[in-house]
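Structure representation (structure tokens):
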């Protein structure tokens, strides 16, 4: 095997054969399960759009936005732990809107406005539902809780069932997460404690998360859509209400 530097690859060297930021792809038409309409010039309906981030804590396995505008807010405020795809230290937390920061070619404030504008081009019932996924929650031992890879299809199944009005969800300050029994976990060895970690929304932790967003938003000045500031205020209000309810229940 020849490594990315053009030299013979030595597995014992500890050096990766591929560049850390390498991407591997195959032609879409070679996918045996691709929909026959995938190149239909009239377009195809999109039922759901998923954003993803890499977070060891705070962010649930999957979150459904309350509506289009809330989903854009979720995407705009993504904070992700660094990978080789971005020029920062691996594991360092940084804002990565829509997981597009290294790839977006124009002002992100305008990019946010573009997303918001799409919500007004048709009626709400025809808009895709927006989801945020996080495969990277860790437990106290620093180990990933969710198995990932092919088992991510279990989350896609829940999303599909949500679209069909079958799967249940619980409202939290940050969005809707699966009910405890809504995910198909058959064949997995996840414990109740594991599931609690994956779906947990800690209001105290999220109060800290929400407090960090304005510093990021202020970088965009008057190019940041007001709707996103309104969404931030709404998030803060939901978190405060959740905290107050928890105190009252003590």
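Residue numbers (the working numbering): 79 to 328.
Glycine included, every Cβ here is placed at the ideal spot set by N, Cα and C.
The bridge partners DSSP lists for residue 205 come to none. Cβ-Cβ distances below 7 Å link residue 279 to 138, 250, 251, 252 and 255 in the same chain, with the five nearest sequence neighbours on each side left out; the list follows chain order. In the DSSP assignment, residue 249 forms a beta bridge with 254. Residue 84 and residue 101 have their C-alpha atoms spaced approximately 17 Å apart.
Burial state of residue 309 is buried, judged by a 10 Å Cβ sphere holding 16 or more other Cβ atoms. In the same chain as residue 192, and ignoring 5 residues on each side of it, no C-beta atom comes closer than 7 Å to its own.
In terms of Cα proximity to residue 257, the closest of 299, 276 and 174 is 276. Under the Cβ criterion (8 Å, minimum of three pairs), the stretch 100-117 does not count as touching the stretch 182-196. Its chain contains 288 as the residues whose beta carbon lies nearer than 6 Å to that of residue 313, once the 5 sequence neighbours on both sides are disregarded; these appear in chain order.
Contact check for residue 195 and residue 177: beta-carbon distance about 20 Å, past the 8 Å limit, so the pair fails to qualify.
For residue 295, same chain residues with a beta-carbon under 6 Å away, outside a window of 5 residues either side, are 302 in chain order.
Judged by beta-carbon spacing, residue 190 lies within the 8 Å limit of residue 306, meaning their Cβ atoms are closer than that value.
In this chain, residue 137 is not harboured by any alpha helix (DSSP H), its DSSP state being neither H nor E.
Between residue 202 and residue 145, the C-beta gap is smaller than 8 Å, which places the two residues in contact.
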